[in-house]
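Here's the structure, in structure tokens; my notes come after.
What follows is the structure, encoded as structure tokens:
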């Protein structure tokens, strides 16, 4: 309920040019709003977990900061709509956008 | 800035069983939060434009109301992150989530 | 029934070069016939809602105005065929082409 | 220019259950608005050429008549937006929707 | 039965560079064997209907005339194998290759 | 030039239910017009080489004989348009349809 | 370096039957090893973040606990191989498997 | 050169019904010709490494033994054509089929 | 049974740059091991039937001779594992690798 | 149980530029951690089997050594999570990460 606790969570699947993987890992980690970044198995080169206060901040991270990095080929954004907690906690709750 | 004007926009691509198209069009239109619904050309059977006040309402529309309708096969949600206006209007603005 | 009210609706899924997203948002919004344009989650960079009086105008928007913008990689057009209204309104109605 | 000559053209890619191909060919050919229907090479079982006077008639053909036939799995509709003529004829012309 | 009436029908799905759509429409329409050409909704930029007397002519249209046009990215050919007529006409008939 | 020598060649990619592979191999080989049939590596379960005198015979093989076999899931037909010979033989020649 | 801090991170993309979304959210959240679970935009119904001490625990979560839940259609696992930290922290570090 | 040493290597990507993963792992490992079997990250449920003396044995493993197991949805076979050794060993060598 | 009769059969799906189709047809036909080559309908530009005595010869054809031709974009190899004969001939037989 | 015996297994699907296949086979085989490398049938050009002691070594092989080789287009990594043994051996066992 507090504005401090509000956060949007998005998972970014990032494909880059093969030779750019090493350089981009650190550049992604240094991007404001990127909470975690990993090289992963599978068809994406990186998965980045973005936690930002609102959609405008998400747009800034995805379309201005990350899309403009040299070597980025595609970014596919999956945004969390609802978070589910354990039964012994509170019920499925709004993840902070109102 | 006013809470009255705040709205999230999402585009839902909905695939259904072939025989259910006729019945589902009206059911989708009657769903709270669905502003427009069309049968369209291409690989989706319907495109629904959802306008809701927050992510929790979006989750309710997508995962509770629409996903539970008999005949729905898949729903792929594309959420608007940032809206762009004409140059003679205000600059790219936040679409209502903060 | 009035020719003034007639409108075709099309949803354009637009993929662009990563570095062109910032610049293209405004250019798309400034295009005649483009009613709304958003960056979105998912595999498209933009979804543009086009509302035009006839198919010829749609062809002009898609193949002449948008396809020619530098940085556009692909445009996939989904055209609305039939609109569905709420049960308490009129039945599924023709969206304005006759 | 005459309303009599106006026609929308759409190409329907139709996938059906393997055992239904024989029966569906004739049923598709008997559908109002279907001008031509072929079994074809490639990933679709049928390509049907639909010529109708307006979008409402197209919606009726696709979502009511064809989608409801037993054995239909999917129909993907590609609608003609603009027709191109030979240089020795008239220039690219509107295909009849206004 | 007459050799005059014999014709092969093929549907070509053509993808081109975005900036080449305007120029290619007329070039395709001017190609011998191309009976109709449209820009369409969906993932192809053009659908061309080719009607030729034999497979050799189809090969010439597809691999020599169209594939060589600057700006063509891919051509996917769907050839009609069998045409279906209405019940009040003759039964499913051979489309002219023997 | 002789009608005896004329032949259409088509490659059928056939996907079937996993448990039907053993039974279908022989059934496909026994089908008139099927010259060769193999289980293969890759995403198809069988590749069948069909050699028939005309398109009507191809339609009969694909849509009546094979599509109706229990356990067939999909058949994707690739038809040969032009055959290429070695430089020390005759030039690219028509494969028998006129 | 401490065994206490060691953790493997995996992102699970989970597709389920449309009617099962509501029920599965809580069931996934209650699964040992699932740190976070969200319904998301895009082609997956859920993204679950799994944090486990070793690969054997990951196998147990994915193939025994989640795959066996009624209504699950597919689970696609993307495992984090290397985590990247900010420049003002330590360099790209091993994520805890040795 | 010895017939004893000859071996074909194939990688099988196996997709199964979600509830069958636990049971199938052991069944696959017990199959003659299957040298290794793993559940893996990514879109396949299992990767099995098959090493057999000849193509006929591979066909028996894939189309008779594995395809017939209850719960198998698809098997995609990638066969090794040529093996590469380290520079300090012998040059790229034939993997045992002659 | 005779080593002379032994042959591996592989089907190569070859995609090339659009402008290279004409030139590549003859080049492929002139390649040792290529028994037949056709331009075809569908998503591949060529299907080549390769018949070679062993896997090493197949590797030479695919990775050295064909992959190196200018204009080749991708080659997807489907290798025959088992051939099926007609019921009035011998049973499913090994296709010549032991 | 011994640290010496611990090993992670990953299967790398590697796509490269057509002209680079010959050169890359040996380069991949010479890469530390690559236990086996093959050209294969199907959509990948190479399958490499990587066996390394931990995830950090896997990241080094995939993102630093292989991704940086000229001619590599994409690498898709499938990591083994659990290995299955025969019934007459020990039960499904952890593959060495703790």
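Residue numbers (my numbering), protein chains in the order written: chain A, 1 to 98; chain B, 101 to 198; chain C, 201 to 298; chain D, 301 to 398; chain E, 401 to 498; chain F, 501 to 598; chain G, 601 to 698; chain H, 701 to 798; chain I, 801 to 898; chain J, 901 to 998. Ideal placement from N, C-alpha and C gives every residue a C-beta, glycine not left out.
Closest by C-alpha distance to residue i, when choosing among the options
{"i": "residue 238 of chain C", "options": "C/264, C/231 and C/249", "result": "C/249"}
{"i": "residue 62 of chain A", "options": "A/34, A/24 and A/20", "result": "A/34"}
{"i": "residue 219 of chain C", "options": "C/276, C/272 and C/252", "result": "C/272"}
{"i": "residue 743 of chain H", "options": "G/614, G/683, G/685 and G/681", "result": "G/614"}
{"i": "residue 570 of chain F", "options": "F/560, F/547 and F/525", "result": "F/525"}
{"i": "residue 975 of chain J", "options": "J/945, J/954 and J/953", "result": "J/945"}
{"i": "residue 264 of chain C", "options": "E/417, E/412, E/411 and E/455", "result": "E/417"}
{"i": "residue 285 of chain C", "options": "B/158, B/157 and B/136", "result": "B/136"}
Cβ-Cβ distance between residue i and residue j below 9 angstroms
{"i": "residue 731 of chain H", "j": "residue 779 of chain H", "result": "no"}
{"i": "residue 977 of chain J", "j": "residue 741 of chain H", "result": "yes"}
{"i": "residue 655 of chain G", "j": "residue 951 of chain J", "result": "no"}
{"i": "residue 211 of chain C", "j": "residue 247 of chain C", "result": "yes"}
Residue i, buried or exposed, once every other Cβ within 10 Å from all chains shown has been counted against 16
{"i": "residue 987 of chain J", "result": "exposed"}
{"i": "residue 68 of chain A", "result": "exposed"}
{"i": "residue 323 of chain D", "result": "exposed"}
{"i": "residue 597 of chain F", "result": "Only weak support exists for where residue 597 of chain F lies, its pLDDT of 43 falling under 50; the value from the coordinates is given anyway. By the neighbour-count rule (16 or more Cβ atoms within 10 Å), residue 597 of chain F is buried."}
{"i": "residue 501 of chain F", "result": "Residue placement at residue 501 of chain F cannot be trusted, given a pLDDT of 30 that sits under 50; what the coordinates show is reported in the next sentence. So residue 501 of chain F counts as exposed."}
Cβ of residue i within 9 angstroms of any chain K Cβ
{"i": "residue 741 of chain H", "result": "The structure shown has no chain K; the protein chains it does contain are A, B, C, D, E, F, G, H, I and J."}
Query - Completely contained beta strand (DSSP E) runs for the region 616-690 of chain G, where each covers 3 or more residues - result: 634-640, 646-652 and 672-683
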